[in-house]
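Comments concern the structure below.
Residue numbers (the working numbering), protein chains in the order written: chain P, 6 to 583; chain V, 336 to 600.
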């Protein structure tokens, strides 16, 4: 409801129109307000309520670090020249003086050594980029593990996924700009991947690089993508993302008084807005601290790009690590059989570089799965309801287990991206790490799935135990007849709310369609549904709770009574969700 | 000649021939061995015979277990004939030899012999056969080197294994290229000429002594310039940077988030 929707009488309009503030400040404020409509905006947004939890702030960190990256990046554009024209370096970095290099590299060096504050801004830009993608990733993990992507937020989840992909694109294009050996190696891998695509690969590569790699056009092209197209798309998607957050309202963790129909938290104005605004400066402060103390991408080490050398320890930034890792993981030969083969064609044959192509499949499946997970889960569970209350990860054991398996899969690829450093720093054999990881990449996710699911179920049982019998107080009592017994402290009503308010549906089984036929697809869905819900710990029902209270009452009546009084509200809150 | 043809059927002719043959072979053999001995007893340039003798004593006591009594090599260690003084100066001078234990690669440790003893060992090994000598001071003087040329040579020839910043890197099966930070000029040079462990040999035809000096000049310039951007994080590139943002960065963030939301509902 904005102010414009309300019906005002003619007199009220006149009064508002002719209102004359008495002070100077008042007159200025009124002048602006009449033209901008600030009152309406503040009335609408200032009263919006946001739930307060630290884990909800990763999205904010992503937004703030993006702003910091844009601002520091704008600073860099004043000096950086993305040209691949050859120049002879004559700046102040002695070990490169007189060396032929591209203008891009020379200006990046100039920024680092001859522009006041340039090195700091470069480091701020780079550290900010690492943090931007880190914050997005952790934010997505939070959203996934708490089930915040469920109806009605599926589309916003997709927007978020697209933002992550764009973030990777922005990062990679930026990483490649300075045109030194390290980033050139990265581009060479991209070139190799493109050329591995059968038939059209070479053409694609020639199209991107404007001829044979490395050519002299790719840096300016990446620059356009990096400073204009990708950030523009990110900005648009951020706007859509935030707009949808306002429309959907924020989710909240289950807790006392929190239901599917309300939002419990702080209004935006004034405290929350001040906190959020202040948080920007905290993020900026942390980034400045890191940028001022830790060197990042010391591009003067690598030297001007030359396609022949690949230096030890050549790795991409962390978010491209899994892509690198999966390539290192993939064998080129299986025993005596080469995995690369040639398709005979009339014009001579096309080689298919399977060792480069195959590793892209798990990556593609992972990202595709990320995009469509909300629909996969809704299809399996048959859940069509809106969800504004978050799941505690333990209360959705299968989803949490799937997430953990995926994270494990990612981490193994990620770790393999730095297998050489693992080898040197832990004094292991590089070959052995690779062989073991080839097994682990298949076995690890399965182990993670099983373990996580068991841990979740165990935690749920523990919750149930606490709800019904209370916490162990650590006080042992001896009864007159000599029996030993530990006193239990029943949870408070607030705690109880969190412990019992969740759903654990039973497997639903295959349902016939409109024609009364159970299709094969439906059977498959039912099988997945069974996998999802077969192992379940039911939340404490009102009946169970009352029985348990009665049982506990024999031991400590006072606490039991207190809990019994609050019990009305608990079950009311629980049933109110349906 | 007639006398010879007549006497060739003389009963003693065979004996005379045999004697002649034996004398010739024996003489040749004796001559050959003396030549060999003359070579072996050739003093390597810059060393005294006392050093060689002392070196042999040290060698027998400390090295012969693996390298054999005459440095001819055993199953446990290679022959040292012809490896030269530079090799000994590097391996012993950096503490890699005597080896602590058999493994993929000799590990560096505090040197077991002092300068004098190292020189004696080098003299002994150099006396076994010609090989690369300890470099002259002229080629170790970094002030005469060109660091930017050296940098280019380093990136083309060395950075593949030793990392662009000389921080070292992994090789196969537990072998590795060590960090070059803090390595003495002489040892860098000797490593290039002798190719210790898994390192290839960069002989003077491949990289002339002046170019080696340039490379050393680059490494020393790099070492002395410090890190312009703050802590180096081990010169390891993006991996240690990623690790830092995921540990320190994330910890600082979560800390501030928890602090900001600590006084909520």
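All C-beta atoms in this analysis are idealised placements derived from N, C-alpha and C, irrespective of residue type, glycine included.
Beta carbon proximity, residue i to chain V, threshold 9 Å
i, result
"residue 411 of chain P", "no"
"residue 186 of chain P", "yes"
"residue 280 of chain P", "yes"
"residue 291 of chain P", "yes"
"residue 175 of chain P", "no"
"residue 62 of chain P", "yes"
"residue 100 of chain P", "yes"
"residue 425 of chain P", "yes"
"residue 182 of chain P", "no"
Span separating the alpha-carbon of residue i from that of residue j
i, j, result
"residue 429 of chain V", "residue 82 of chain P", "48 Å"
"residue 464 of chain P", "residue 458 of chain P", "10 Å"
"residue 189 of chain P", "residue 56 of chain P", "46 Å"
"residue 332 of chain P", "residue 117 of chain P", "32 Å"
"residue 301 of chain P", "residue 573 of chain V", "8 Å"
"residue 254 of chain P", "residue 24 of chain P", "35 Å"
"residue 566 of chain P", "residue 52 of chain P", "Only weak support exists for where residue 566 of chain P lies, its pLDDT of 39 falling under 50; the value from the coordinates is given anyway. Looking at the two C-alpha atoms, the distance is approximately 39 Å."
"residue 539 of chain P", "residue 515 of chain P", "14 Å"
"residue 131 of chain P", "residue 74 of chain P", "8 Å"
"residue 542 of chain V", "residue 315 of chain P", "20 Å"
"residue 582 of chain V", "residue 260 of chain P", "30 Å"
"residue 589 of chain V", "residue 66 of chain P", "10 Å"
"residue 541 of chain P", "residue 214 of chain P", "55 Å"
"residue 545 of chain V", "residue 480 of chain V", "7 Å"
"residue 526 of chain V", "residue 453 of chain V", "16 Å"
"residue 21 of chain P", "residue 14 of chain P", "11 Å"
"residue 401 of chain V", "residue 393 of chain V", "14 Å"
"residue 425 of chain V", "residue 109 of chain P", "41 Å"
"residue 382 of chain P", "residue 397 of chain P", "16 Å"
"residue 409 of chain P", "residue 416 of chain P", "10 Å"
"residue 525 of chain P", "residue 187 of chain P", "52 Å"
"residue 84 of chain P", "residue 579 of chain V", "28 Å"
"residue 488 of chain P", "residue 481 of chain P", "10 Å"
CB contact check: residue i to chain P, cutoff 9 Å
i, result
"residue 498 of chain V", "yes"
"residue 576 of chain V", "yes"
"residue 579 of chain V", "yes"
"residue 557 of chain V", "yes"
"residue 545 of chain V", "no"
"residue 512 of chain V", "yes"
"residue 506 of chain V", "yes"
"residue 491 of chain V", "yes"
"residue 536 of chain V", "no"
"residue 374 of chain V", "Reliability fails at residue 374 of chain V, whose pLDDT of 48 lies under 50, so the model's placement of it is uncertain and no value is given."
"residue 601 of chain V", "Residue coverage of chain V in this structure runs from 336 to 600, which leaves residue 601 of chain V outside it and unanswerable."
"residue 484 of chain V", "yes"
"residue 610 of chain V", "Residue coverage of chain V in this structure runs from 336 to 600, which leaves residue 610 of chain V outside it and unanswerable."
"residue 593 of chain V", "yes"
Cβ-Cβ separation, residue j to residue i (assumed contact under 8 Å), whole Å
i, j, result
"residue 339 of chain P", "residue 359 of chain P", "Not a contact, Cβ separation roughly 10 Å."
"residue 184 of chain P", "residue 62 of chain P", "About 37 Å separates the two Cβ atoms, so there is no contact after all."
"residue 54 of chain P", "residue 270 of chain P", "5 Å"
"residue 493 of chain P", "residue 476 of chain P", "7 Å"
"residue 424 of chain P", "residue 438 of chain P", "5 Å"
"residue 515 of chain V", "residue 533 of chain V", "Between residue 533 of chain V and residue 515 of chain V the Cβ distance is about 15 Å, and since that is not below 8 Å, they are no contact."
DSSP bridge partner residues for residue i (one or two, in chain order)
i, result
"residue 493 of chain P", "P:477"
"residue 106 of chain P", "P:92"
"residue 505 of chain V", "V:511"
"residue 513 of chain P", "In DSSP, residue 513 of chain P forms no bridge with anything."
"residue 54 of chain P", "P:272"
"residue 355 of chain P", "P:348"
Of the listed residues the options, nearest to residue i (C-alpha basis)
i, options, result
"residue 412 of chain V", "V:472, V:591 and V:438", "V:438"
"residue 452 of chain P", "P:491, P:412, P:481 and P:305", "P:412"
"residue 537 of chain V", "V:456, V:492, V:469 and V:405", "V:492"
"residue 474 of chain V", "V:388, V:507, V:441 and V:522", "V:522"
"residue 510 of chain V", "P:212, P:211 and P:432", "P:432"
"residue 228 of chain P", "P:175, P:195, P:105 and P:532", "P:175"
"residue 48 of chain P", "P:243, P:16, P:22 and P:275", "P:275"
"residue 474 of chain P", "P:311, P:444 and P:552", "P:552"
"residue 106 of chain P", "P:143, P:353, P:311 and P:152", "P:311"
Cβ-heavy atom distance, residue i to the ligand ZN, below 8 Å
i, result
"residue 560 of chain V", "In the structure shown, the ligand ZN is absent, as is every other ligand, since no ligand is present at all."
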